[in-house]
Amino acid sequence: MDIRFELIKIFEDTMMFIKTDPALQVASSSSVVRTVLYPEGETPALPENRGFDTAVTVTKERSFQAAMRLQAAYPDAKIAVHNFASATNPGGGVTRGSRAQEECLCRCSTLYPALNSRQLWESYYGFHRNRHDVRYTDACIYTPDVVICKSDEDFPERLPQAEWVTVDVLTCAAPNLRETPYNPMNPGKGDAVQLSHDELYALHVKRARHLLSVAAANGDEVLVLGAFGCGAFRNDPDVVAKAYKDVLAEFDGMFRAICFAVFCTERETRNYGAFASVLG
Numbered sequence: 001m002d003i004r005f006e007l008i009k010i011f012e013d014t015m016m017f018i019k020t021d022p023a024l025q026v027a028s029s030s031s032v033v034r035t036v037l038y039p040e041g042e043t044p045a046l047p048e049n050r051g052f053d054t055a056v057t058v059t060k061e062r063s064f065q066a067a068m069r070l071q072a073a074y075p076d077a078k079i080a081v082h083n084f085a086s087a088t089n090p091g092g093g094v095t096r097g098s099r100a101q102e103e104c105l106c107r108c109s110t111l112y113p114a115l116n117s118r119q120l121w122e123s124y125y126g127f128h129r130n131r132h133d134v135r136y137t138d139a140c141i142y143t144p145d146v147v148i149c150k151s152d153e154d155f156p157e158r159l160p161q162a163e164w165v166t167v168d169v170l171t172c173a174a175p176n177l178r179e180t181p182y183n184p185m186n187p188g189k190g191d192a193v194q195l196s197h198d199e200l201y202a203l204h205v206k207r208a209r210h211l212l213s214v215a216a217a218n219g220d221e222v223l224v225l226g227a228f229g230c231g232a233f234r235n236d237p238d239v240v241a242k243a244y245k246d247v248l249a250e251f252d253g254m255f256r257a258i259c260f261a262v263f264c265t266e267r268e269t270r271n272y273g274a275f276a277s278v279l280g
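Read in the numbering used here, the sequence shown has 22 at position 22, and its numbers run on one by one without any break.
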């Protein structure tokens with residue numbers, strides 16, 4: 001069977017799991033109504049510094065794999081996971097069997113229904129479609145209490161309820177720097193964007209500051225980040241890693257642990273190598 005068809009079936013099973021399991025129904029509905037959009041320029045105020053000795057690590061895990069491990073290590077802490085979003089389509093290409101990070105998150109959790117709401121179609125996805133600017137914005141969607149109900153692997157399988165893990169999800173898009181940025185998953189009109197090293201660094205500093213502020217303001221103490229935009233969107237991992245290292249200094253003591261989960265194969269280690277070199 002074609003892998004895309006198999007992944008579509010897995011996603012459809014996830015949606016059925018949410019629809020038919022009473023606990024997932026309640027959790028999903030609660031996440032949907034409590035999801036909040038923080039537009040660009042509306043960065044929340046930071047709480048008082050919590051005085052943590054922040055542990056920063058770089059691993060080769062998938063995002064939810066890292067979150068599940070960290071939940072066991074910090075059982076009393078709120079954990080937030082960064083979803084490397086499509087700014088124009090909820091879940092990216094998950095309904096078509098795509099395999100980027102956002103699609104993986106949607107296949108094994110209750111995240112998708114919270115993103116696929118009328119409110120966000122108007123205020124986030126439609127907004128970015130109509131701007132015709134593939135740099136997108138710093139806007140961040142905060143979704144609380146997303147339930148990881150399937151294993152985070154190539155072909156996720158249902159987990160027993162005792163193994164479910166609840167996390168918050170920060171949905172924020174990186175600039176799309178592909179030579180041909182527009183496709184059915186990223187509709188619109190416009191030209192490819194070329195950013196200098198300094199311009200890309202400044203963009204990621206600003207976006208990271210907004211993202212981490214949203215997490216801190218909502219009480220999250222453990223973060224799962226990653227090689228933001230360094231896959232299909234072609235952002236330079238050395239620049240992105242340096243931006244995050246510099247921004248983390250501004251949040252020193254605010255978080256208990258920050259893990260950069262940079263999943264990679266044996267042949268595709270550039271992103272992991274860049275982040276491990278700068279942040280490891």
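Quick reminder that beta carbons are idealized off the backbone N, C-alpha and C, glycines included. This one's a predicted model, so the numbers in the text were calculated from it and none came from an experiment.
When DSSP reads this structure, leucine 225 sits in a beta bridge with Phe260. When Gly219, Ala249, Trp164 and Arg178 are compared, the shortest CA-CA separation from valine 205 is found for Ala249. In this structure, the CA atom of valine 26 is about 22 Å from the CA atom of alanine 67.
Rounded to whole angstroms, the separation of the alpha carbons of threonine 137 and leucine 115 is 17 Å. Taking 8 Å as the cut-off, the Cβ atoms of isoleucine 79 and cysteine 108 do not count as close.
Around alanine 208, the same chain offers Ala243, Tyr244 and Val247 as residues with beta carbons nearer than 7 Å, after the five sequence neighbours per side are excluded. Following the DSSP letters along the chain, one finds phenylalanine 251 in no alpha helix (DSSP H), marked with neither H nor E. Aspartate 168 carries a strand assignment under DSSP once its states are collapsed to helix, strand and coil. Residue pairing by DSSP places leucine 37 opposite Ile141 in a beta bridge.
If you ignore the 5 residues before and after glutamate 157, its C-beta comes within less than 7 Å of the C-beta of Lys150 and Ser151, all in its own chain and listed in chain order. For asparagine 83, the enclosing beta strand (DSSP E) begins and ends at 79-84.
Distance from the CA atom of aspartate 53 to the CA atom of valine 222, rounded to whole angstroms, is 12 Å.
C-alpha of tyrosine 272 to C-alpha of isoleucine 141: approximately 26 Å in a straight line. With fewer than 16 other CB atoms across the displayed protein chains lying within 10 angstroms of its CB, methionine 16 is exposed. As computed with DSSP, alanine 55 is found in a beta bridge with Ala257.
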